[in-house]
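Heads up: the structure comes next, in C-alpha cells.
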Amino acid sequence: MCSNYQRTKAYRSYVEEFTHIRLPLRFPEPHAAPNLEPQPEVRPTVTAPVFRRLEDGVEMVSARWWLVPWWHRGALKEFKLATFNARAETVAKSRTFRDAFKQRRCLVAAEGWYEWTGEKGQKTKWRFTPKDGGPICFAGIWDRCKTTDAGEIESFTIITQPAGSMLNAYHDRAPVVLRQSEWSTWLDLEADPQPLLGPESIDQFDVAYVSGPEVPFRHGDV
Numbered sequence: 001m002c003s004n005y006q007r008t009k010a011y012r013s014y015v016e017e018f019t020h021i022r023l024p025l026r027f028p029e030p031h032a033a034p035n036l037e038p039q040p041e042v043r044p045t046v047t048a049p050v051f052r053r054l055e056d057g058v059e060m061v062s063a064r065w066w067l068v069p070w071w072h073r074g075a076l077k078e079f080k081l082a083t084f085n086a087r088a089e090t091v092a093k094s095r096t097f098r099d100a101f102k103q104r105r106c107l108v109a110a111e112g113w114y115e116w117t118g119e120k121g122q123k124t125k126w127r128f129t130p131k132d133g134g135p136i137c138f139a140g141i142w143d144r145c146k147t148t149d150a151g152e153i154e155s156f157t158i159i160t161q162p163a164g165s166m167l168n169a170y171h172d173r174a175p176v177v178l179r180q181s182e183w184s185t186w187l188d189l190e191a192d193p194q195p196l197l198g199p200e201s202i203d204q205f206d207v208a209y210v211s212g213p214e215v216p217f218r219h220g221d222v
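According to the UniProt record's numbering, numbering within the sequence shown proceeds without interruption in unit steps and concludes at 222.
Put into C-alpha cells, the structure is as follows:
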C-alpha cells in the first residue's frame, strides 16, 4: 500500500535524470521551467507531477493523486472508489484501470514512501528510500474525465505489488518502484510491462524511523 510518499526534487533534477532516456523530451524551455515546490509528504487527492508518453516524446504534467476513470459521470465528490492504488495482479483486467493500463501508463515522480506500524493512536512512522540513492519513479497510470463540479480532471494511481520478505515487516503491499533503466519500457505502450511488475518487491530499500513510539523493531517482527 502507498498512501503517502515523498517528492522534493527541483525541476532541473528531473530534466537531468530524463536525459538518460532515449526519448524526445517535451520540457519547457529553461526560462519557462515550472517552479516545483518540494512535497515532503504527498497524500491522496493532492496534485503532484507525473511523466507520460506522447507521440513525439515525454511530458511532465500535474495530476490529482486518486484516479477517476474516463467513464465516470457526475460530480467528482460522488466518486467513492478508493483508487489511489491499483494492484499489479489485477490492474490489466480491472474495469476501473484496464483502459488506462493499456493506453495511459505514467511515471510518478518520487524519492520514497511512508508506512506505519503499531496500534491506533500509537503508530510509528517509517520512510523507505532506495539503498543506492539512485533516481526512482513509481509505476503509475493516468486517466482523464469530465466532472460536473470540477470540470476536466486528470488523475493518476500508483501500482502496488506484494511487499516482499523485508518490507512485509511494515506492510504487505509496496509501490512498484522503477529504476532509470526501466522508465522507457514502462512508458512504451508497445512493450510488455508485466516483467516490471514482478511477483514482489526486491530487498533494495533503506528503512528510516520518522516519528512515533521508538519501540524495538526488526525485519520480520510483524
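The beta carbon of each residue, even a glycine, is placed where N, CA and C say it ideally should be.
How is residue i classed by DSSP in three states: helix, strand or coil?
| i | result |
| --- | --- |
| Q6 | strand |
| Y84 | For the record, residue 84 in the displayed sequence is Phe; it is not Tyr. Note: F84 maps to coil in three-state DSSP. |
| F97 | coil |
| R12 | helix |
| S184 | helix |
| A139 | strand |
| E190 | coil |
| N35 | coil |
| K120 | coil |
| F79 | coil |
| E89 | coil |
| L167 | helix |
| E17 | helix |
So residue i is in the beta strand (DSSP E); what residue range does that whole segment cover?
| i | result |
| --- | --- |
| T117 | G112 to T117 |
| A48 | T47 to L54 |
| L197 | It is not in any beta strand (DSSP E) - L197 instead sits in the alpha helix (DSSP H) that spans Q194 to L197. |
| V68 | Looking at the DSSP string, V68 is not in any beta strand (DSSP E), and its letter there is neither H nor E. |
| V42 | Q39 to V42 |
Considering only DSSP beta bridges, list what residue i is partnered with.
| i | result |
| --- | --- |
| D206 | T129 |
| S211 | K125 |
| P175 | T160 |
| R144 | E154 |
| L107 | F51 and A139 |
Using the beta-carbon count (16 or more within 10 Å), is residue i buried or exposed?
| i | result |
| --- | --- |
| S155 | buried |
| A191 | exposed |
| V42 | buried |
| V46 | exposed |
| H219 | With a pLDDT of only 49 at H219, under 50, the local geometry of the prediction cannot be trusted, and the value read off the model is given with reservation. Classification of H219: exposed, given that the 10 Å Cβ count is below 16. |
| R105 | buried |
| V108 | buried |
| V68 | buried |
| G74 | exposed |
| C2 | buried |
| V210 | exposed |
| T19 | exposed |
| residue 224 | With the chain represented from 1 up to 222, any question about residue 224 goes unanswered, as that position is not in the structure. |
| A85 | Ala is not the amino acid found at residue 85; the sequence shown has Asn there. With 16 or more other Cβ atoms within 10 Å, it is buried. |
| W186 | buried |
| D56 | exposed |
| P193 | buried |
| D221 | In this predicted model, D221 has a pLDDT of only 48, less than 50, meaning its place in the structure is not dependable enough to derive any value. |
| residue 241 | As shown, the chain starts at 1 and ends at 222. That puts residue 241 outside it, with no answer to give. |
| D143 | buried |
| W70 | exposed |
| G140 | buried |
| residue 243 | Within the shown structure, residues of the chain are numbered from 1 to 222, placing residue 243 beyond reach of any answer. |
| S181 | exposed |
| A82 | exposed |
When you compare the CB of residue i with every CB in chain B, is at least one pair closer than 9 Å?
| i | result |
| --- | --- |
| A48 | Absent from the structure: chain B. Only one protein chain is present. |
Segment contact flag, the stretch 138 to 151 with the stretch 65 to 82, C-beta cutoff 8 Å, min 3 pairs: yes
Contact between the stretch 199 to 214 and the stretch 109 to 126 is defined here as three or more beta-carbon pairs at a separation below 8 Å; is this criterion met? yes
Specify whether the stretch 59 to 67 and the stretch 126 to 135 touch according to this definition: at least 3 beta carbon pairs, one from each stretch, less than 8 Å apart. no
Three or more beta-carbon pairs under 8 Å between the stretch 171 to 180 and the stretch 90 to 104, yes or no? no
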